[in-house]
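Residue numbers (this note's numbering), protein chains in the order written: chain A, -19 to 467; chain B, 21 to 304; chain C, 3 to 338; chain D, 3 to 338.
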Amino acid sequence: MTELEVCGLSKHFGATQALADVSLSVRGGQVLALIGENGAGKSTLIKVLSGIHRPDRGEVRLNGQPLRLHSPAEGMAAGIVLVPQDLHVVPGLSVAENILLGHLPTRRVAGVLPSIDRKAMRAMAQSVLQDIGVALHPDTPAGELSFAERQLVVIARALGREARVLILDEPTASLERREVERLFDVVRRLRAQSVAVIYISHRLEEVEGLADRCVVLRDGRVVAHMEAPPFPIGQLVEAMTGRVLADPGASPRESGQIPAGAPRLRVALEGGTFECRSGEIAGIGGLLGSGAKALLRRLFGASDAGGASPHGSIRHAIAAGVGLVPGERAHSLVMSMSVRDNIVLAHLDAYAHAFARHEGRIDEAVARLMELLDIRPRSPHLPVAHLSGGNQQKVAFAKWLVARREVLLLDEPTNGIDIAAKALIHERIIAFAAEGGSVVLSSSDLPELLALSDTISVLRQGRLAGRMEPGASFGEARLRDLLESSA
Amino acid sequence: AAQTIGVSLASDVNPFYIAMKRGIEERAKELGMKVVFVTANEVISQQVNGIQDLVARKVDGILASPIDAVAVGAAYNVAAKAGIPVISVARHTDSPGQSAYVSMDEQQIGRDIAAWIAKHSGGKGKIAMVAGPSGAATFRNLAEGFEAGVKSAPGLSIVYRKEVPLTREMGLQQAEDILVAHPDVVAIYGANDEIALGASQAVAAAGKKGKVLITGMNGTPPAVRAVKNGAVDLTVDLNPVAWGRLGVDTMANYLKGQKPTGTVAIKHVLVDKTNVDKHLPPAK
Amino acid sequence: MSRSPPLQPLAGNAAAQPSVGSAPAWIRGRAVDQIPTAVLLVLCAFAALMSDRFLSSANLSNVLLQAAVLAVITVGMTYVIIGGGFDLSVGSVVALAGCIGAEVMLQAGITAGVAAGLLAGVAVGLVNGTVVAYLGVSPFIATLATMVLVRGVVLLITNGAPVVGEEGLPQGFLDYGTSRFLGLPLLVWTAAAVFVVFAWILHRTAYGTRIYATGGSREAAFLSGVPVRRISLSTYVVSGLTAGIAGVMLASRLQSGQPTAGEFYELNSIAAVVLGGAALHGGEGKLYKSMVGVLIMVVLANSLNLIGVDSYWQRVTIGLVIVAAAAADQLRRRRR
Amino acid sequence: MSRSPPLQPLAGNAAAQPSVGSAPAWIRGRAVDQIPTAVLLVLCAFAALMSDRFLSSANLSNVLLQAAVLAVITVGMTYVIIGGGFDLSVGSVVALAGCIGAEVMLQAGITAGVAAGLLAGVAVGLVNGTVVAYLGVSPFIATLATMVLVRGVVLLITNGAPVVGEEGLPQGFLDYGTSRFLGLPLLVWTAAAVFVVFAWILHRTAYGTRIYATGGSREAAFLSGVPVRRISLSTYVVSGLTAGIAGVMLASRLQSGQPTAGEFYELNSIAAVVLGGAALHGGEGKLYKSMVGVLIMVVLANSLNLIGVDSYWQRVTIGLVIVAAAAADQLRRRRR
Ligand SMILES: Nc1ncnc2c1ncn2[C@@H]1O[C@H](COP(=O)(O)OP(=O)(O)OP(=O)(O)O)[C@@H](O)[C@H]1O
Ligand SMILES: Nc1ncnc2c1ncn2[C@@H]1O[C@H](COP(=O)(O)OP(=O)(O)OP(=O)(O)O)[C@@H](O)[C@H]1O
Ligand SMILES: [Mg+2]
Ligand SMILES: [Mg+2]
């Protein structure tokens, strides 16, 4: 029986103690949930487990044998397979090549010349994809995939390996319920085959449904062990934050009011017109690769998004008070730049005159926002690349709170954000709309979408495929209908 | 139809070859011949390619100043096989494909410069050498001759030796370092006039004008003027223009059937204060 | 608060498969992919128009001969660039392999000489690869340093003089540099063989795919279990090896080991790869396209010589043609 | 399905803030950031040990003088590289600006000459920037092309001969190249002024931040409203301008416009930027660090001359020192 043990692991980055004396273990046939606030050290821990980082102190043991890994390749050789939080695919390679990259099937041409067996490769990729119910063509270049599709490719890549220990770091962050369910089926099947699974997520309801045990990290330390379900959300949150939160999962907004007045945003799509009024939160729903990203970029004035944009260019859009939080952090943040510079990047004109930036005012604004969104560590000069995933997402959001906005275009705005911060961001979004701002919100998290939106437009392959107006039937069942009919 | 001569010079930015090119063009015009140039820029393989292009173009004869004595052999042979005569100018090769050679004795020039320094420094003191680009045959031969010449003067010694590209900037920079490292040098040998002119600026800036002998080579007009005004002490007039003309003449005769035997020599002249007036370029 | 008409099913469903563009678009897609080839053809057409000798078989074999050495270097350079690297040292390696090869050949015969030349190339490749992949030094600075360093070593070994020996290099070796087979120089056949072998490896084997992965996204490749360091090291070794082969080939062509040989090959070779459509940030490119890039560079120089363009104007023309070729190739990537 | 003991609060809670590392770690963090400076100091110490003339004021002013031209070029190169580009044309621009400047100076006086030189640099920068930013051509290939092309133009303009006129360049201009102020050459003061102005712009203005953003992530910059094309164009203009200034400075130092001036400056300048710790993929780097890189290059050459190391060994040494310096600098980025 596989058993992975972690004993007294510590790891620091510069001044940050990311892990401090962490010990835990997981056995084959178990799903261990690992939860904690943004920056708690979850990703760092599993990066050590899979051979990406070397620990400062402590030991990892697999079946009692000490394990000293120097690369993920060695980890995989030992049966430890990872789905990392940051989605990395090789854009120039096909879906099939990406899935099988670590172990490409080879044959011999004429009995001597080694060559990739492309037929076998396609078949193998296809079978893994089918496993998780994804209809991606194996020959599609990965660079052409949407964010969620790439996430599925990365998952398929891990599932294609013979795993003894499978580690999933927020695998469902941008997935829709349907994909999540399929993934869970696979995970349960693997558990039945006595694979050990470590599962990280901020969607605490998933933990409830999937995990056998649960470990809570805070500031790099294990603060709680729970050895069997159920895992009440309230207790988990208390352990994560050290505070008691007033039911953070509850629906925070009463939908159903379409504000009066002419639409502030309006674009013609194939299949109808998309509109958003002042004070409205206009939701966008859609299954995989629906074209939500393209629509938001177009609303923002990105010249490459296809179709006419309301503002002509991004500069004009920003000047007119529009802000975009893209679904992909890498598109929003300059990773090599500091938190501080990233936060003011889109509003430099307001924070500088011709000859110098107003450093004092920038410091003030940045300090205020870091406090407000609880961006940790509180070091404005740290390069964004050194933040945890959730804290990066907060910076992406903070960018648009630094100056007055009229319109916010949000693509998966709470992707990877912990439950407390998520509630905070929801509050902000609602307050923004209440003050007359317009919000276009695309989210694969249906509860979030339903909780926040006034109206929901459904997209399919870039077309407007349906629209849900406020009313009695406004709800999950109806939305699901819309999403899945004719899909 | 007019005969066409193909020309492959070692460089098209070195003043020496620019002057030679002028001589070739002038003389060919006088004789009613056409000339086409290919460029090499001191890159051996580029010169070999260029000569082969000239063969492919079926010129009537080729003038070349080979960057390296051996390396052009194959290209010369290709020309010979195609029945095209190749005459080497200024630099020579051992290739059997070489039809004639308008020569200079590089080693002898080096020895002559050394002898001149020995004479004007009273046969005593330290010498710094700023030699030409590494691996270039001409400058290797010059430097060898020079070093041999210095050895035969017991009071002289070479305390600094560096191989650099033939630019004024290099001459300047090297001389600046030389004057710091060896404040007591009596002479700086420059592989060509550009280096000597650069060195003369460093010497002047250090307030040592007239106290350090500076020698160049090629006899380019700015260098001759510098000899006249005392900034540079010696240059060697190779008369590249005349050389180019002689090359064309030799080729014209060869094509008419008058094959020269062996080498057609051209003389070099040391130009210093004593004879500079005869070599001054005509004022425009 | 009335419910508006729900679901307005629109237009026909797209298939699960992303829809395939119309045939013309497909052909267009392929055509713009062939811009470098088109540029080469235009160049050739123009050269043929301006000089009736350009298409003579003597000249065409000339062009191939002139391309052979650069092509072999460019094979390795393509590996390095696709793998996300950069190799400025190839020019110096050409000289090193030529000189060491010639030196050893004079003492111990042709085979030993050739082997020594190739080994020297591999050795430099190992150094480059180790410094880049294991010490983490930027490829530009690492290979710039070896470019200078190796040139110094060559000059030290040879004392700055060509390596020819008393009697010249062995006749068999000189013959190799001048002989033909089926009308084409042996050097061209050598280049072709190198191309075929390395094209197979790059495009057909798992190792080749891993090079693309390493260059395309080091992080993704690393996380997929690709030994990215070893892969990137290996590309420098390939580059060293091919530069070594090229050095030996050039020595046979120049009938000597030349300490100054190979200057500017690095820039020409990188230019050829980029003209062939590869991206300098890695992960893209095709070996045959790099060869098209080589031919563009060589035909350009050859045709300007044939036409008899003045050498200063040649520079201007070469600059213009390179920009134009690269700009044309960008048409297909236009975005933003 | 009995519930096991829930929540076992363990060990003492860490503070809300992640614990801050010990002071030594902090200092270490800063120190490794200064590796290039440390390398420079070690080099200087070594040079002073090996040659008692190294620290003489004459030599130190020599070193600064020799560094001045390269430093000014490197200012612009740093802009281009931080902006995610690459400029191989600076060496040719140095020659162009020097020759055009000298030519115009002979006809229309010093001011007009200087202005013409700078304008020539800006013009080439505009061409580079347009080709790269608007035609989308790879910076390497675009600036390689202009490097060749501009050199051709210089040779055509000057016919390959230095520009000096009958009577030499105006005396005022020659004086500028040789005069001193407070013991330092005016050329050094010029370089210092250029540095200060451009350091302010890069590090203190909104425009400077936009350059970092463009080089760090074009996509993120674009989506933040940064006009990425205009920014990257502008970096090439800055590079053209500084290369133009350097060309005029060099002309005053060489008392003539030299058509072959500036060769290899591009490689030395890029090397200096990278030695200073900037990444060639853009978004990183500091102007003062590039200057440290320049000084490393210049001190290295100068000290080897003073010590009297043989030319061939100099190359070997330079190669080794560059690799060592770059490898040392990588220590601070080692992770994983
Ligand atoms: N490469 C790095 N360099 C410097 N600091 C880092 C680095 N990676 C992580 N950290 C720091 O380590 C701490 C733990 O980060 P980690 O990514 O493990 O958090 P996490 O629990 O996964 O958070 P999230 O839920 O936001 O993904 C954070 O404070 C982060 O800033
Ligand atoms: N206008 C369109 N016409 C046809 N297909 C489109 C269009 N826009 C997007 N798509 C398809 O959607 C995919 C990418 O779209 P986009 O990234 O905008 O989707 P998304 O909603 O963000 O996806 P996900 O939620 O899966 O991340 C592509 O694969 C493309 O085929
Ligand atoms: Mg994480
Ligand atoms: Mg999406």
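Yeah, the Cβ is synthetic: ideal placement off N, Cα and C, and Gly gets one too.
Check	Outcome
For the stretch 52 to 81 of chain C, enumerate the residues whose C-beta is nearer than 9 angstroms to any C-beta of chain A, in chain order.	none
Using the Cβ count rule (16 or more neighbours within 10 Å means buried), how would you classify D/V116?	buried
Would you say B/D80 and B/Q23 are within 8 angstroms of each other, going by their C-beta atoms?	yes
Quick check: what's the CA-CA separation for B/A195 versus D/A69?	15 angstroms
Are any of the Cβ atoms in chain D nearer than 8 angstroms to that of C/G31?	For C/G31, the predicted model reports a pLDDT of 46, less than 50, meaning its position is unreliable and no value from the coordinates is stated.
Return the chain-ordered list of same chain residues with a C-beta closer than 7 angstroms to the C-beta of A/A230, the five sequence neighbours on each side being excluded.	Residue confidence is low: A/A230 scores 49 on pLDDT, short of 50, so the model does not pin down where it sits. Its coordinate-derived value is still stated next. Nothing meets the Cβ criterion.
Identify each residue in the stretch 138 to 166 of chain D for which the Cβ-Cβ distance to at least one residue of chain C is less than 7 angstroms, and report them in chain order.	G138, V139, S140, F142, I143, A144, L146, A147, T148, V150, L151, R153, G154, V155, L157, L158
A/H406 by DSSP, collapsed to three states: which one?	helix
Establish whether the CB of A/P393 and some CB of chain D are separated by less than 8 angstroms.	no
By DSSP, does C/S91 sit in helix, in strand, or in coil?	coil
Closer than 7 angstroms between beta carbons: that is the criterion. Which residues of the stretch 63 to 91 of chain A meet it against chain C?	P64, H68, V69, V70, P71, G72, L73, E77, L81, G82, L84, T86
Any C-beta of chain A sitting closer than 8 angstroms to the C-beta of C/T207?	yes
Per the DSSP calculation, A/E(-17) is bridged to which residue(s)?	A/R7
I want to verify the contact list: residues of chain D whose CB lies under 9 angstroms from the CB of C/Q332, in sequence order.	L137, G138, V139, S140
8 angstroms is my cut-off, CB to CB: does A/D434 come that close to chain D?	no
When you compare only the Cα positions, how much space is there between B/L29 and A/F335?	54 angstroms
Beta-carbon within less than 6 angstroms of C/V294's beta-carbon, same chain only, minus the 5 sequence neighbours each way: which residues are those?	P38, T39, L42, G278
Using 8 angstroms as the threshold, is the C-beta distance between A/R337 and D/A208 below it?	yes
Give the single residue among A/V324, A/I342, A/V314, A/L404 whose Cα lies nearest to the Cα of A/L367.	A/V314
So that I know if they touch, is there some Cβ in chain D lying closer than 8 angstroms to that of C/V325?	yes
Could you give the C-beta distance for D/S241 and D/Y81, rounded to a whole number, given that I count them as a contact under 8 angstroms?	6 angstroms
In chain C, what lies closer than 9 angstroms to B/N69 by C-beta?	N64, L67, Q68, V300, A303, N304, N307
Quick check: the Cα distance between C/A328 and D/G93, rounded to an integer number of angstroms?	22 angstroms
Should A/R198 be listed as close to ligand 1, given that the test is whether its C-beta is under 7 angstroms from any heavy atom?	no
Between the Cα of B/A219 and the Cα atoms of B/A120, B/R245, B/A148, which residue gives the shortest distance?	B/A148
Do we get a CB-CB distance below 8 angstroms when we pair C/A329 with the residues of chain D?	yes
Determine, for C/L186, whether the minimum Cβ-Cβ distance to residues of chain B falls below 8 angstroms.	no
Given that C/Q257 touches chain B, what residues does it touch there, using C-beta distances under 8 angstroms?	V90, A91, G93, A94
Can you list every residue whose CB sits closer than 5 angstroms to some heavy atom of ligand 1, going in chain order?	A/F(-7), A/T(-4), A/A(-2), A/N18, A/G19, A/A20, A/G21, A/K22, A/S23, A/T24, A/H366, A/L367, A/S368, A/G369, A/G370
Check A/P144 in the structure and name its three-state DSSP category.	In the sequence on display, residue 144 of chain A carries Arg and not Pro. Residue state, collapsed to three classes: coil.
Below 8 angstroms on C-beta distance, what does A/R137 contact in chain E?	Included in the structure are the protein chains A, B, C and D, with no chain E among them.
Using only alpha-carbon positions, find the residue among C/A330, C/S313, C/L333 that is nearest to B/V33.	C/S313
Can you tell me where the beta strand (DSSP E) with B/Y96 in it begins and where it stops?	Where B/Y96 is concerned, there is no enclosing beta strand (DSSP E), although the alpha helix (DSSP H) it sits in stretches over 93 to 101.
So, under 8 angstroms CB-CB, B/L266 and B/L290 are touching, yes? Tell me the CB distance rounded to an integer number of Å.	So it is not a contact: roughly 20 angstroms between Cβ atoms.
Looking at chain D, is there any beta carbon in it that lies within less than 8 angstroms of the beta carbon of B/T187?	yes
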